[in-house]
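So the sequences go chain by chain: A and B.
Okay, so the first sequence: first residue is 2 according to this note's numbering, each after it adds one.
Okay, so the second sequence: first residue is 1141 according to this note's numbering, each after it adds one.
Every residue gets a Cβ at the ideal spot worked out from N, C-alpha and C, and that includes glycine.
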Amino acid sequence: MYTTELQKSKPVQSLEDPEKLAAFEARVAADEFIEPKDWMPEAYRRTLTRQISQHAHSEIVGMLPEGNWITRAPSLRRKAILLAKVQDEAGHGLYLYSAAETLGTSRDEMIEALHSGKAKYSTIFNYPTLTWADIGAIGWLVDGAAIMNQVPLQRTSYGPYARAMVRVCKEESFHQRQGYEIMIHLAAGTAEQKRMAQDALNRWWWPSLMMFGPPDADSPNTAQSMRWRIKRDTNDELRQKFVDITVPQAEALGLTVPDPDLRWNEAKGGYDFGDVDWEEFYAVVKGEGPVAKERMKARREAWEKNAWVREAAAAYAEKHRRKAEAA
Amino acid sequence: MKDWPLWEVFVRAKGGMSHRHVGSVHAPDPEIALRHARDTYTRRMEGVSLWVVPSARIVASDPSDDAAMFDPAEDKIYRHPTFYDIPDDVKHI
Chain A
2 MYTTELQKSK
12 PVQSLEDPEK
22 LAAFEARVAA
32 DEFIEPKDWM
42 PEAYRRTLTR
52 QISQHAHSEI
62 VGMLPEGNWI
72 TRAPSLRRKA
82 ILLAKVQDEA
92 GHGLYLYSAA
102 ETLGTSRDEM
112 IEALHSGKAK
122 YSTIFNYPTL
132 TWADIGAIGW
142 LVDGAAIMNQ
152 VPLQRTSYGP
162 YARAMVRVCK
172 EESFHQRQGY
182 EIMIHLAAGT
192 AEQKRMAQDA
202 LNRWWWPSLM
212 MFGPPDADSP
222 NTAQSMRWRI
232 KRDTNDELRQ
242 KFVDITVPQA
252 EALGLTVPDP
262 DLRWNEAKGG
272 YDFGDVDWEE
282 FYAVVKGEGP
292 VAKERMKARR
302 EAWEKNAWVR
312 EAAAAYAEKH
322 RRKAEAA
Chain B
1141 MKDWPLWEVF
1151 VRAKGGMSHR
1161 HVGSVHAPDP
1171 EIALRHARDT
1181 YTRRMEGVSL
1191 WVVPSARIVA
1201 SDPSDDAAMF
1211 DPAEDKIYRH
1221 PTFYDIPDDV
1231 KHI
């Protein structure tokens, strides 16, 4: 799952050694990878730290809407699959936190920023999962959009981030396919099941399109991020690509994409589609999503209620360290 | 809470191959580091053996010394077999 530049920072005037900066830019332009101990401009470090940590937070918060359905999965098969998927999301969060830490921010600081509400995560997780069909729609659409975002990031300029993305992408395809399979079964089921599938598509379609971030015209950092290979495609390019591959998948299910303006455009070889409600997007970014407060409350509770496990593990390690010293 | 120490994780994909670095985990002690490494990096039969090493114990070369460390090999091309001219009709060499 992925989030894209939700927290803007003002472009900073570079106060850095112009020679080092030029050498850095040349390396990045030549598609070389930058590694943790290499020199990098402060703005690159800051932008990446923000992007990777937001991405990590999104994976962690992303466990909540789906974890919500583990106990109510309709069969043992679905339950085992959903458990594995949610466990993967935790793993993805951990790969990404590790990558972000190599830039000099501690795990503790990042978790604290998430829990205090200072850090952002993908807006998509602030929508509720009302029925089982939502689990299908999330896998199909939300993970589908995430894959679209993440595949190009396997070639991002920062080595640890690129390597984390390779692992994530390998695992993500299962997420999308299990979701689509849920939709296939519902769409081919009773009239009521098909209605559930359609309802889930109706609610998740637009938030999924928002996952690619604001339109290019309102995304002032895009040019800089593309030059630094932190981003490899613009928001609008990826959104278009997502619509073009997803609409036929909806048709295969016999479901209707909830957009009256959706039309195939022969000349451009892609779909024209309606305007996204960006006011809603910015409201959700600000924490006004339908279940934003609930998500953060659940996250903080999980952290606090399990504090004793961390404390016990630390005490156990300390006891053994002392024993080893005494021996 | 202060972060637990960081451990680097190495996985042997199958017998006959070396352990390869795959990432890192935080853990208070070696046993928990191994468990975390297993859960984080081997959920899909990625390996048959795991190593965890305290990150603080790794000694690394400094990228700013790259030239001094690695360039001297560049002017010693006679270390490579293709440096030597052998007539075409001489075989198995």
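The alpha-carbon of residue 278 of chain A is positioned some 44 Å away from that of residue 20 of chain A.
Taking C-alpha positions only, residue 223 of chain A is separated from residue 217 of chain A by approximately 7 Å. Shown here, residue 273 of chain A sits in a strand according to DSSP, grouped into three states. The residue among A/190, A/61 and A/37 with its C-alpha nearest the C-alpha of residue 303 of chain A is A/61.
The shortest CA-to-CA distance from residue 45 of chain A to any of A/138, A/158, A/206 and A/146 is the one to A/158.
Using beta-carbon distances, residue 1159 of chain B does not count as an interface residue toward chain A, since no partner is under 8 Å. Listed along the chain, the chain A residues whose CB falls inside 8 Å of the CB of residue 1187 of chain B amount to none; the nearest CB is some 13 Å away.
Those residues of the stretch 102-113 of chain A placed with their C-beta closer than 7 Å to a C-beta in chain B are 107, 108 and 109, ordered along the chain.
The stretch 287-306 of chain A makes no contact with the stretch 224-238 of chain A; the number of CB pairs closer than 8 Å stays below 3. A residue is called buried once 16 or more other Cβ atoms fall within 10 Å of its Cβ, and residue 210 of chain A is buried on that count. Non-local beta-carbon contacts of residue 239 of chain A in its own chain, meaning distances under 7 Å to residues more than five positions away in sequence, involve 149, 150 and 213 in chain order. Around the beta carbon of residue 1205 of chain B, fewer than 16 other beta carbons lie within 10 angstroms, which makes this residue exposed. Classified as buried, residue 184 of chain A has 16 or more neighbouring CB atoms from the shown chains inside 10 Å of its CB. DSSP, read as helix, strand or coil, puts residue 159 of chain A in strand.
Comparing alpha carbon positions, the residue from A/125, A/43, A/99 and A/322 closest to residue 1147 of chain B is A/99. In the assembly as shown, residue 128 of chain A is a buried residue. Its beta-carbon has 16 or more other beta-carbons within 10 Å.
The beta carbon of residue 97 of chain A does not come within 8 Å of any beta carbon belonging to chain B, so the residue lies off that interface.
For residue 172 of chain A and residue 1162 of chain B, the gap between their C-alpha atoms comes out near 15 Å. Contact annotation for residue 144 of chain A against chain B: no contact, minimum CB-CB distance about 17 Å [criterion: below 9 Å]. Contact check for residue 276 of chain A against residue 264 of chain A fails: the beta carbons are separated by 8 Å or more. By the Cβ test, the stretch 1178-1189 of chain B is not in contact with the stretch 1198-1212 of chain B, since fewer than three Cβ pairs between them sit closer than 8 Å.
Taking a cut-off of 8 Å on C-beta distances, the stretch 1147-1161 of chain B does not touch the stretch 298-313 of chain A, as fewer than three cross pairs fall below it. Scanning chain A for C-beta atoms nearer than 7 Å to the C-beta of residue 1180 of chain B yields 92 and 95, reported in chain order. For residue 264 of chain A, the enclosing beta strand (DSSP E) covers residues 264-266.
Across the structure, residue 1219 of chain B and residue 1159 of chain B are spaced so that their CA atoms are roughly 28 Å apart. Contact annotation: the stretch 69-89 of chain A does not touch the stretch 108-115 of chain A, with fewer than three C-beta pairs closer than 8 Å. Taking a cut-off of 8 Å for Cβ pairs, the stretch 29-39 of chain A and the stretch 251-258 of chain A do not touch, as fewer than three such pairs fall below it.
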